[in-house]
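S.K.: Once you've had a glance at the structure underneath, I'll fire off some questions.
There are 2 protein chains.
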Amino acid sequence: MKVVAVREGEQTPTLMEKPRPEPAAGEALVRTLRVGVDGTDHEVLGGGHGGFPEGEDHLVLGHEAVGVVEDPNGTRFEAGDVVVPTVRRAPEGQEDNEFFARGEPDMAPSGQYQERGIVGAHGFMAEYFTSPGEYLVPLPPELTDIGFLVEPLSITEKALELSYASRSSFEWNPESAMVLGNGCLGLLTLGMFEHTEGIDRSYCLGRRDRPDPTVDIIEAIGATYVDSRETAVDELPDTVESMDLVYEATGYAPHAFQTIEALAPNGVGALLGIPGSWEFEIDGGALHEELVLHNKALIGSVNSHVRHFEGAIEDLQALPDWLIDDVITGVYGTDELDAAFDDSNTTIKTAVELSTR
Amino acid sequence: MKVVAVREGEQTPTLMEKPRPEPAAGEALVRTLRVGVDGTDHEVLGGGHGGFPEGEDHLVLGHEAVGVVEDPNGTRFEAGDVVVPTVRRAPEGQEDNEFFARGEPDMAPSGQYQERGIVGAHGFMAEYFTSPGEYLVPLPPELTDIGFLVEPLSITEKALELSYASRSSFEWNPESAMVLGNGCLGLLTLGMFEHTEGIDRSYCLGRRDRPDPTVDIIEAIGATYVDSRETAVDELPDTVESMDLVYEATGYAPHAFQTIEALAPNGVGALLGIPGSWEFEIDGGALHEELVLHNKALIGSVNSHVRHFEGAIEDLQALPDWLIDDVITGVYGTDELDAAFDDSNTTIKTAVELSTR
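Those protein sequence lines, which keep their order, are chains A and B. Residue numbering for the first sequence follows our numbering, beginning at -10 and increasing consecutively. Residue numbering for the second sequence follows our numbering, beginning at -10 and increasing consecutively.
Now the structure itself:
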């Protein structure tokens, strides 16, 4: 079968041939339909994430997949069911790892998980993949074409779940919220603020000149675009307004700390970026004081699991069709990998199509 | 009546005479028994907190009080009931402020509250005080002598409530916890880790040479003393262990950020210090990444309200008598203010006694 992989020492995706996998006991065989491409894939290509599968000289890419069950192989599925796979798997020999045992692999620390298509395990950008049945989430068939958006939206579901939990011991009704970052996930999260989270006033931070398709989408959602070259994150309370909720999806480390100033009293900042080492100066005393005096919180969040995928499916049903259409800027065959992995300003979200339903 | 106050322009407490207050409608008159002295009082004396009551040239000190109802004045209390007052009050003209209206004054932002004995309103270090009935928490009479510990313990109750809430969307059973700071509240919180929170391994950070009474208490509790001059907070995972829970009570701003490194995966740092502006360098990229990749949280917490006082009363009943005895290093009359406000290494917790039951 065809797979899209990155070879050791290379930084671009390659089309390779591999044998079709055989499902082990408890695993279903899934025929892949579409697999989304995101920033993490570009980091994997750039060598920023670690880890080819043990003993392998390549990694099959892709962690945002939708497929159709080809062989249920005794799992709860029927042939033809449309499914979305979760990403984390227990490393060999650690199958009884407590986080997987209790259905919370998203809370496992480094070394206690592999991530398909990212670290230690082949991804889903292949004509077929196998997966334990419990890591396949059923998708309503009408969402098949956009099912590759479930995994990214599940990341927001998890981050918002943690953020809301952190504010659950008192009455908290967020009215203002900002997404830092205007990538696909930022835009979809902004859509959730408007359509599923009941946020009154939503904002999105970017650094793009108009005309720009992401700015158009931000405004069509009903949100306000804030140009980070004109307004720094810690200046928001003075120039725009303070935010009950900040969702950081830029990976720009100063944003994590400026968020403390941007928050309204009792607000929460959900952090999702993974920037790597970078030393800089902060007014740590003022930030510490501000966190305390106004009961603020910073919450880091990574990965997601089945209940977040289920929440994401509901979100996908609630988001307007035009938004989904506008963020998906291209779906490409395996003979168009350059376009699928394009990272320019005209690309928002792409997917690779491995087969059709 | 006698009151202990600080006059404008002065930095030491003074004994003054003031008229006994008359309870307004809905207020009880309370005869004060004891009032604790803490770091906030020293900050108030040093001018670090703001605000004399409007039009006044002095502030009656004291926010950690226990007293006996002298005149219930139509409130739910009976004369002779032992009570502990909460600290925050609505500023005049803001009585319908949403935070007070819903019983969450501890979540009110700056400008929407006064704090008795701290900012904008006279404290309890007076022979009598008045308070709305809903801000008086009944105390079991056997706790009368130590009732001035309820307010400080309520601060820990609130901080732990927020911290546990932030970890409530997944399974979290903290086994290791560290208090940063060996003041009275740090020691009592360490006692709670051991006696009410079910923490397996607890630690307390200080910077004291042995022999030292706080180090003796830490070890008698069954916790481990860590000298911050030998082990930096961000070195804890390598030299001691990583902490599921860190409770910061030093007000030393670098601790707020080093806590991110000290935490175990999925851990939470409760921040309580109020350090003021101080610029320094951090590896913000590594800290941001660490927060995200391991689902960590930083939670600021300030003040407390009735349910936290009620929790604190239960804590006080659960803590061993020897610990309470050892942290209270002196109870002094109003003619011994120098001793009551002593801040040396031999003092852990003092109180001023205004009258006896």
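Just so you know, even glycine gets a beta-carbon here, dropped at the ideal spot from N, CA and C. As the structure is a prediction and not an experimental result, all values here were calculated from the model.
(1) Below 9 Å between beta carbons is the criterion; list the residues of the stretch 280 to 291 of chain A that meet it against any residue of chain B, in chain order.
(2) Write down every uninterrupted run of the beta strand (DSSP E) in the stretch 92 to 144 of chain B whose length is 3 residues or greater and which is fully enclosed by it, in chain order.
(3) With DSSP as the reference, label P254(B) as helix, strand or coil.
(4) Assign A90(B) to one of two classes, buried (16 or more other C-beta atoms within 10 Å of its C-beta) or exposed (fewer than that).
(5) Between which two residues does the alpha helix (DSSP H) harbouring L276(A) extend?
(6) Do A286(B) and I288(A) have their CB atoms nearer than 8 Å?
(7) Does any C-beta atom of chain B lie closer than 8 Å to the C-beta of L142(A)?
(8) For T178(A), does the three-state DSSP call read helix, strand or coil?
(9) Taking a contact to mean a Cβ-Cβ separation below 8 Å, would you say R20(B) touches Y153(B) in this structure?
(10) Taking 8 Å as the CB-CB cut-off, is F269(A) touching chain B?
(11) Taking Y236(A) as the reference, which of E230(A), G273(A) and Y192(A) has the closest Cα?
(12) What are the residues that DSSP puts in a beta bridge with L18(B)?
(13) Within 10 angstroms of the Cβ of S290(B), are there 16 or more other Cβ atoms? Answer buried if so, exposed if not.
(14) For the stretch 140 to 170 of chain A, list the alpha helix (DSSP H) runs that are entirely contained and at least 4 residues long, ordered along the chain.
(15) Counting only C-beta atoms, is S217(A) closer than 8 Å to chain B at any point?
(16) Give a yes or no on whether the minimum CB-CB distance between S99(B) and chain A is below 8 Å.
(17) Are the Cβ atoms of L174(A) and T213(A) separated by less than 8 Å?
(18) Assuming G300(A) is part of the alpha helix (DSSP H), what are its boundary residues?
(19) Return helix, strand or coil for P2(A), following the three-state DSSP convention.
(20) I think P352(B) touches G56(B), with their Cβ atoms under 8 Å apart; what is that distance to the nearest whole Å?
(21) Closest to I302(A) by C-alpha separation, out of G136(A), P200(A) and S165(A), would be which residue?
(22) Leaving aside the five residues before and after G35(A) along the sequence, list all residues of the same chain whose C-beta is less than 7 Å from its C-beta, in chain order.
(23) Using the three-state DSSP reduction, which class does D315(B) fall into: helix, strand or coil?
(24) Let me make sure I understand the geometry here. Which of G240(A), K147(A) and L194(A) has the alpha-carbon closest to that of E224(A)?
(25) Specify whether the stretch 88 to 104 of chain A and the stretch 292 to 312 of chain A touch according to this definition: at least 3 beta carbon pairs, one from each stretch, less than 8 Å apart.
(26) Can you grab the Cα-Cα spacing for the pair G51(B) / D201(B), in whole Å?
(27) Of all Cβ atoms in chain B, is any one closer than 8 Å to the Cβ of F246(A)?
(28) Only counting the same chain, and skipping five residues up and downstream in sequence, which positions put a Cβ closer than 6 Å to that of G112(B)?
(29) Between the alpha carbons of V139(A) and E230(A), how many angstroms are there, rounded?
(30) Using DSSP bridges, identify the partner residues of E270(A).
(31) Measuring CA to CA, which of G172(B), E160(B) and V281(B) is closest to T239(B)?
(32) Please classify T228(B): does DSSP put it in a helix, a strand, or coil?
(33) Are there 16 or more other CB atoms within 10 angstroms of the CB of R199(B), so buried, or fewer, so exposed?
(34) Within the continuous alpha helix (DSSP H) that includes D30(B), where are the two ends?
(35) Could you say which of T345(A), V73(A) and P42(A) lies nearest to A79(A) if we only look at CA atoms?
(36) Where does P200(A) fall in DSSP's three states?
M.R.: Let me lay it out:
(1) L280, V281, L282, H283, N284, K285, A286, L287, I288, G289, S290 and V291
(2) 103 to 105, 117 to 121 and 125 to 127
(3) strand
(4) exposed
(5) G273 to L282
(6) yes
(7) no
(8) helix
(9) no
(10) yes
(11) Y192(A)
(12) D60(B) and T119(B)
(13) buried
(14) none
(15) no
(16) yes
(17) no
(18) V295 to A307
(19) coil
(20) Residue 352(B) lies beyond the stretch modelled for chain B, which goes from -10 to 346, so this question has no answer here.
(21) G136(A)
(22) Q0
(23) helix
(24) L194(A)
(25) yes
(26) 28 Å
(27) yes
(28) V49, L50, G51, H52, R105 and G106
(29) 31 Å
(30) E270(B)
(31) G172(B)
(32) helix
(33) exposed
(34) G28 to L34
(35) P42(A)
(36) coil
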